[in-house]
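Notes follow once the structure below has been shown.
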Amino acid sequence: MSQDLTGGRQIAIACVIACAFLMQGIDTTLLTIAIPTIAPDLGVSSLMMHFAVTAYLLGLAVFMPVSGWFADRFGSRRVFAAAITVFVLGSVLAGLSPTLSAMVAARLLQGFGGALMTPVGRLIVLRTFGPDRVLDGMTWLTIPVLIGPLLGPLMGAIIVTSFDWRWIFFVNVPLCALTLALTRWLIPYEPAPGAGRFDWGGFALAGLALVLFQLAVEHLGHPLFAGAFGTLFLLGAALAVFQLYRRHARRHPSPALDLRLFRLRPFATGVIAGGIGRVGLNSLAFLLPVMFQLGMGMSPIRAGVYASAAALGAFAAKPLLRRMIRTFGYAAVISCLAVAGSLLLAGFALFDPAMAGLIVAPYVVASGAVKTMHFNAVNTLTYSGVPAPELSRSVATAGVFQQLSMGLGISLGAAFLALVSGGAEALTMRDFSLVFLIMAVIPLLSLPVLARLGQEAGRVAAKAPEPEPARA
């Protein structure tokens, strides 16, 4: 495709894909800042609203493995357009939801659209620019990943302050319509290359294991049956189904999730150590907006401004990462970032309603910088040692675990809040402080895994662009 397109057309196509990525980046951050406003209207606690966030991330994790097969079977442009349609349909249904249960179902549908949109959009850009200009193409896709978290909290705060909160889901409609029109106009049609048989059995087993694991984590803070025994039962069921999948994957020539990639030390370290770090650091996506409003008594606008400050840290930190990795190596950089993230999480335990904005804003900026550098360093490590023929499978497999760990961070943050508050409707700063201290321990658990990182991966230069996860 790249040989038939002018440079201007290639950039225009990248901008179309970037619009879809921007829509995703704004969507979830719109929701998190609006949680304290939406919860009373739906008759639930603010802690229960985290289900609407994690449902989307679970939808991403479960359906991401099928995205490549859909693109090969039906054509990338057609699948990308369908993904946008499903995404905006889920968003509209979420805005119309009368109950939290209905919203969670709509967000799962939205996650299905997002699971197709992101990898297929990235595939279109890679084919548009060709192998010689991969970095140029990926650069366009990093822009919305940085801008989305900056605009999302501010837009969400303005909407819940001046309009009905349901508009946070309806603002996607005009951008989706524009992106669909530009997709049909700018992105050329390509015949589907054809796809072999997809591993539907493995896909079902892996998806069931992910859902059961997520339910086990949710059951920890919001038990539905048998208390702690119910949590252990769900966790045991998840592990049992995953073992069935492992046996299935060893026999299947092209499994839905290729666990054989874990034989590669950089990949295994990036997924495992990176996943542990994500669990701790991504809890900020839920805890900060809720703490600012319910713990520190901020207005949605003020909370949105502070939440957006984290994106400024991402802008500032991104140029530093490659130089740090080349100088000190992956293991040292990621270990230091894990420790720094842990210290910053613990520092939030010292926040109080009287704290001056001149302290709050720079601290949030620093947390955003460390979080972004950690995510990107881990992503680059994950793919640094993957052979070219296995790269597409590695993106799908790693993407599932990345989305799962990000959702797990939000779920654990909400679960621990429910446990330390005793289920009380009114949350105090003491509740948030205890949860931040608990979550601060989690990134440190990745250090033993990083310590085993072989020297062969310790100083791999950051030559490849970092595949960005969907932000929570």
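Residue numbers for the sequence shown follow the working numbering, so the first one is 426 and each next one is one higher. Even for Gly, the Cβ is constructed at its ideal location relative to N, Cα and C.
Through-space distance from residue j to residue i, alpha-carbon basis
i           : j           : result
residue 895 : residue 515 : Here residue 895 scores only 42 on pLDDT, less than 50, and its place in the model is too uncertain to base an answer on.
residue 734 : residue 526 : 32 angstroms
residue 705 : residue 447 : 25 angstroms
residue 680 : residue 603 : 36 angstroms
residue 470 : residue 736 : 27 angstroms
residue 465 : residue 629 : 36 angstroms
residue 763 : residue 611 : 42 angstroms
residue 770 : residue 865 : 5 angstroms
residue 748 : residue 758 : 10 angstroms
residue 729 : residue 594 : 17 angstroms
residue 637 : residue 475 : 17 angstroms
residue 777 : residue 578 : 21 angstroms
Which of helix, strand or coil DSSP assigns to residue i
i           : result
residue 679 : coil
residue 433 : helix
residue 487 : helix
residue 790 : helix
residue 689 : coil
residue 877 : coil
residue 754 : coil
residue 441 : helix
residue 861 : helix
residue 628 : helix
residue 779 : coil
residue 815 : helix
residue 707 : coil
residue 615 : coil
residue 883 : The predicted position of residue 883 is uncertain, since its pLDDT is 44 and thus under 50; no value can be drawn from it.
residue 588 : coil
Rounded Cβ spacing between residue i and residue j (contact assumed at less than 8 angstroms)
i           : j           : result
residue 537 : residue 511 : 6 angstroms
residue 699 : residue 803 : 3 angstroms
residue 790 : residue 765 : Contact doesn't hold; Cβ gap of about 13 angstroms is too wide.
residue 545 : residue 508 : 6 angstroms
residue 673 : residue 626 : 6 angstroms
Beta-carbon proximity of residue i to residue j, cut-off 9 angstroms
i           : j           : result
residue 640 : residue 666 : no
residue 529 : residue 477 : yes
residue 540 : residue 488 : yes
residue 506 : residue 600 : no
residue 542 : residue 449 : yes
residue 875 : residue 693 : no
residue 591 : residue 533 : no
residue 631 : residue 682 : yes
residue 793 : residue 482 : no
residue 643 : residue 501 : no
residue 695 : residue 823 : yes
residue 712 : residue 842 : yes
residue 519 : residue 725 : no
residue 480 : residue 826 : no
Status (buried if at least 16 other CB within 10 Å, exposed otherwise) for residue i
i           : result
residue 856 : buried
residue 494 : buried
residue 587 : exposed
residue 438 : buried
residue 744 : exposed
residue 379 : There is simply no residue 379 to check, as the chain begins at 426 and stops at 897 in what is shown.
Cβ of residue i within 9 angstroms of any chain B Cβ
i           : result
residue 685 : Reference to chain B is not applicable here, since this structure consists of a single protein chain.
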